[in-house]
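What follows is one structure encoded as structure tokens, with my remarks underneath.
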Amino acid sequence: MRGRALVFSRILPYLPVALLLAVLAAALILGPLDLMRDVMVEEGGVTERTVLLLLLVPVGATVVVVLRTLVGLDTFGVFAPMILALTFLTVGIVVGLAVLGALILVGTAARLLLERYPSLAVSRAGIIVSLAALVLFGVTFIGSAEGDTELLQAGAFPLVITAGIIERFTGAQMDQDPKEAARILLFTVISSVVVWGVISAGPVQAVLRSRPDLILLSFPALVLMGRYTGLRLGELIRFREVASHARV
Numbered sequence: 089m090r091g092r093a094l095v096f097s098r099i100l101p102y103l104p105v106a107l108l109l110a111v112l113a114a115a116l117i118l119g120p121l122d123l124m125r126d127v128m129v130e131e132g133g134v135t136e137r138t139v140l141l142l143l144l145v146p147v148g149a150t151v152v153v154v155l156r157t158l159v160g161l162d163t164f165g166v167f168a169p170m171i172l173a174l175t176f177l178t179v180g181i182v183v184g185l186a187v188l189g190a191l192i193l194v195g196t197a198a199r200l201l202l203e204r205y206p207s208l209a210v211s212r213a214g215i216i217v218s219l220a221a222l223v224l225f226g227v228t229f230i231g232s233a234e235g236d237t238e239l240l241q242a243g244a245f246p247l248v249i250t251a252g253i254i255e256r257f258t259g260a261q262m263d264q265d266p267k268e269a270a271r272i273l274l275f276t277v278i279s280s281v282v283v284w285g286v287i288s289a290g291p292v293q294a295v296l297r298s299r300p301d302l303i304l305l306s307f308p309a310l311v312l313m314g315r316y317t318g319l320r321l322g323e324l325i326r327f328r329e330v331a332s333h334a335r336v
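Following my numbering, the numbering of the sequence shown begins with 89 at its first residue and continues without gaps.
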């Protein structure tokens, strides 16, 4: 009895993963996402571009988790770099980075000015979000004046999400070390560019268009990474540098 109990105790932690894999295998065979995609496009009037963007979200989330868990890049959560990557995919990487840079500059300048006047944190956040909206309004105006379709699309940023990222950055500058906040923002932007590179790849998009159910494979990958407790790449590099200095 003790032997059986010991075996069961060792198997028990892996049962949820095994159950998840069984459900995913059944889903891949039945192809529910493929059927739902056809219904949305053919009968619901949803564009294939919209469906593709939705399918790319789990891919982007998986890449961000890999960068955070295995590489060691600290970011403002998983949502921020993923949404920025989708924005870059929509408006173009150059325009997206330019508008994001403008928002960062405005948010930082607003933080420096607001530090001189005591006010509630919620009031400062409202001011920064409002300034971000004005920046996007200006981008839309420039795009309409110049007839630049990319700038017009950039003005259609998901305002709440983008402004929320800037508000979170400026809030981190106020509550934490500004250098630490800048480091996290830099890693967030780097992660978003890496995610953009993955989701904009032709083979990735072609696979999702032909077999959308394959996106379900991201779930076991995320579960396995959630159980990872080893050293990250950044930590290995730092430890190697420390070891080399110790030898000297």
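Each residue gets a CB set at the ideal place from its N, CA and C atoms; glycine is no exception.
- Its Cα nearest to that of G285, the residue G148 stands out among G148, L191, L142, A213.
- If you ignore the 5 residues before and after R125, its C-beta comes within less than 7 Å of the C-beta of V139, P300, all in its own chain and listed in chain order.
- Residues V194, A198 of the same chain have their beta carbon placed closer than 6 Å to that of L219, with the five preceding and five following residues left out of the count.
- A straight-line Cα-Cα distance of about 16 Å links F327 and L161.
- Exposed is the label assigned to S298, since fewer than 16 other Cβ atoms lie within 10 Å of its Cβ.
- In terms of Cβ geometry, M170 and V283 form a close pair [threshold 8 Å].
- The way I'd put it, the segment 308-319 doesn't touch the segment 162-181; fewer than three beta-carbon pairs between them come closer than 8 Å.
- The Cβ-Cβ distance between G184 and T196 does not fall below 8 Å.
- When the five nearest sequence neighbours on each side are left out, the beta carbons in the same chain lying within less than 7 Å of the beta carbon of L191 are those of A220, V223, T250, I254, in order along the chain.
- Cβ contact annotation for E136 (same chain, cutoff 7 Å, sequence separation greater than five): V129, in chain order.
- Counting only residues of its own chain and dropping the five nearest sequence neighbours on each side, A309 has a CB closer than 7 Å to the CB of T150.
- A distance below 7 Å between beta-carbons, with the five flanking residues on each side excluded, links P291 to no residue of its chain.
- Positions of the alpha helix (DSSP H) runs, each at least 4 residues long and wholly inside the segment 120-184, are given as 120-130, 136-154, 167-179 in order along the chain.
- Burial is judged here by how many other beta carbons sit within 10 angstroms of a residue's own beta carbon; L121 has at least 16 and is buried.
- Around the beta carbon of L312, fewer than 16 other beta carbons lie within 10 angstroms, which makes this residue exposed.
- Pairing L177 with I287 gives a Cβ-Cβ distance under 8 Å.
- Pairing Q293 with V145, the inter-Cα distance amounts to about 12 Å.
- The residues S280, in chain order, have a CB closer than 6 Å to that of L172 in the same chain once the five nearest residues on each side in sequence are set aside.
- In this structure, the straight-line span from the alpha carbon of L296 to that of F307 is close to 15 Å.
- Residue nearest to L141 within the set A289, I230, G314 is A289 (criterion: CA-CA distance).
- Annotation: A289 is outside any alpha helix (DSSP H) and is labelled neither H nor E by DSSP.
- For G318, no alpha helix (DSSP H) segment is defined, and its DSSP state is neither H nor E.
- Comparing alpha-carbon positions, the option among R271, L143, R256 lying closest to A213 turns out to be R256.
- Counting C-beta atoms within 10 angstroms of its own C-beta, A233 has fewer than 16 neighbours from the protein chains shown and is therefore classed as exposed.
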